[in-house]
Each structure stands twice: as C-alpha cells, then as structure tokens.
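Input: a single structure, listed below in structure tokens.
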Amino acid sequence: MNRARWMILLTALAVGCGSEPADDGGDETTTGDETETDVEVVRETGPTADVGARAVAEMAPTEGNSVSGTVIFMQGDDGLQVSVDLTGLEAGTVHGFHVHETGDCSAPDGTSAGGHYNPEGHDHALPDSAPRHAGDMGNVTADDDGNVQTTLEFSNISLGGPNPVEGRGLILHASPDDGGQPTGNAGARIACGVITLDGETTAAPTAEAEAAAAPAPAAAPAAPARRRSAAAAEEDEMAP
Ligand SMILES: [Cu+2]
C-alpha cells in the first residue's frame with residue numbers, strides 16, 4: 709500500500725507539478741513558493757520511512773551538569789513521535805532541543821555532536837515554521853519538579869526515510885531556543901545522547917548509507933546543490 713501511494717505521488721509530480729495537492733499529510737507544504745512546495749512534498753516522510761521502527765537516545769549530562777533521561781523515537785505512518793523523559797533540571801526552565809549532525813557525545817561540552825542536523829541547508833527556525841533545519845525540534849519545558857515528560861511529533865524527519873535521524877546526536881541546551889539565527893541562541897549543551905536504533909549500536913551514517921536510505925525521487929529535483937556542508941553548519945553552531 710505504501711508503495712502504491714508513493715507511485716501515485718510520483719505520477720502526480722511527473723504529470724502535473726503543482727496541479728494536484730500531492731500532500732500526504734505533512735505540515736511543511738505551505739511556503740507559498742511553488743518550487744519550495746514541490747521540494748517539501750518529495751521529502752514527505754510517510755511512504756518511505758521505516759514505519760514501526762524505534763530508536764532511543766540515552767541522554768547524559770555534559771560536564772558540570774546534572775540532567776539525564778531517555779528520549780524514544782517511534783516512526784508512525786505520518787510522522788516521527790518523540791517521547792521525552794528527562795530529570796535534573798530547574799523547575800520551569802525552557803531548553804532548546806535539537807538533533808545535531810553527529811552521533812558523538814565524547815566531548816565534555818557536547819561539541820563533538822557538531823552543528824544542527826541540516827541536510828536541506830535551510831535557515832534555523834522553531835518547529836511552528838518551515839522551512840527550517842531538519843533537527844530543529846524547538847524547546848522542552850521542565851515542570852515544577854524539574855522533569856520533562858512530553859511527546860513531540862515531526863513529519864520532516866524520520867527513521868529510515870527522508871532526513872533520517874538514527875545515528876545522529878541529540879542535544880539539550882541550557883537556554884531557550886528563540887528561533888534566532890544561526891542556531892537559536894540556546895547556549896551551552898547540557899545533555900547529549902546518540903539516537904540509536906533499538907537493538908543496534910549505530911555510528912553516524914556514512915554518505916553511502918545516507919544515499920541508500922534516501923529514496924531515488926529525493927535526489928531528483930532538489931537536494932545536492934542546496935546541501936550545506938557539515939563543516940558550515942558546525943561553524944554556525946560554534947558562533948555565540
Ligand atoms: Cu542544538
């Protein structure tokens with residue numbers, strides 16, 4: 709069924725770009741720019757993501773911090789559900805929360821995770837707007853006990869499909885993400901985890917693995933020229 713829907717989507721794109729609302733339920737298609745709209749449609753999650761897949765990021769505090777917990781990623785038909793369970797924050801505080809480029813939390817300050825995961829080369833933004841970095845998950849807020857227990861949902865990232873997050877780094881910041889450039893002014897990295905598929909130990913995906921994971925159509929009208937280098941993203945992240 710998924711394959712059939714994908715073929716219909718492809719046909720619609722090939723025959724009449726823009727004449728059909730070839731929207732499979734995502735939330736990223738209303739930019740007003742026809743070209744951008746088509747790009748977003750091609751990157752819809754549902755038909756090609758690994759529905760049912762699950763990944764876990766065990767969040768550990770960076771040096772001098774005390775927040776820890778578990779974040780579970782579950783791939784559904786229409787998006788990726790992200791269940792956040794953290795403890796050790798100050799009551800009522802708001803913290804930027806992003807997928808970063810590299811699944812490496814070895815640096816004491818978490819900088820080994822690199823810059824924001826941004827394979828589409830967009831500007832940074834909060835999740836209520838598009839386009840944005842694929843890894844822009846906005847903020848989470850601690851309750852009166854300093855815990856975070858919430859579930860977020862995203863259609864622009866996936867497990868095993870477009871903008872795959874498995875093998876990437878997950879970072880919680882000291883300060884709120886205010887949506888500003890280049891990375892939201894969210895400050896220091898206070899917790900870091902590697903998004904790991906259940907039952908596997910994954911490293912950051914290689915270019916070959918990424919190419920294999922991406923569906924053929926995603927390579928067609930869009931990506932390569934707009935792809936930003938990891939190095940450029942990292943430079944941004946290092947900026948104050
Ligand atoms: Cu971040």
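Take 709 as the starting number for the sequence shown in my numbering and just add one per residue. Note that the Cβ used here is the ideal one computed from N, Cα and C, for glycine as well.
Per-residue DSSP class, three states only, for residue i
i: T770; result: coil
i: A964; result: Residue 964 lies beyond the range of the chain shown here (709 to 948); nothing can be said about it.
i: T756; result: coil
i: A899; result: strand
i: S837; result: coil
i: T904; result: strand
i: S883; result: coil
i: T810; result: coil
i: T801; result: coil
i: T819; result: helix
i: H832; result: coil
i: P872; result: strand
i: D853; result: coil
i: G877; result: strand
Whole-angstrom C-beta distance between residue j and residue i, which should lie under 8 Å
i: I903; j: H806; result: 12 Å between Cβ atoms; not a contact.
i: L867; j: E861; result: That belief does not hold up - the Cβ atoms of L867 and E861 are roughly 13 Å apart, past 8 Å.
i: P835; j: G846; result: 4 Å
i: H803; j: H824; result: About 15 Å; that fails the 8 Å criterion.
i: Q889; j: H832; result: 6 Å
First and last residue of the uninterrupted beta strand (DSSP E) at residue i
i: L860; result: V856 to F862
i: I780; result: S776 to Q783
i: G846; result: D844 to T849
i: D793; result: L788 to T795
Contact with chain C by residue i, beta-carbon distance below 9 Å
i: H881; result: Chain labels in this structure do not include chain C; a single protein chain is all it has.
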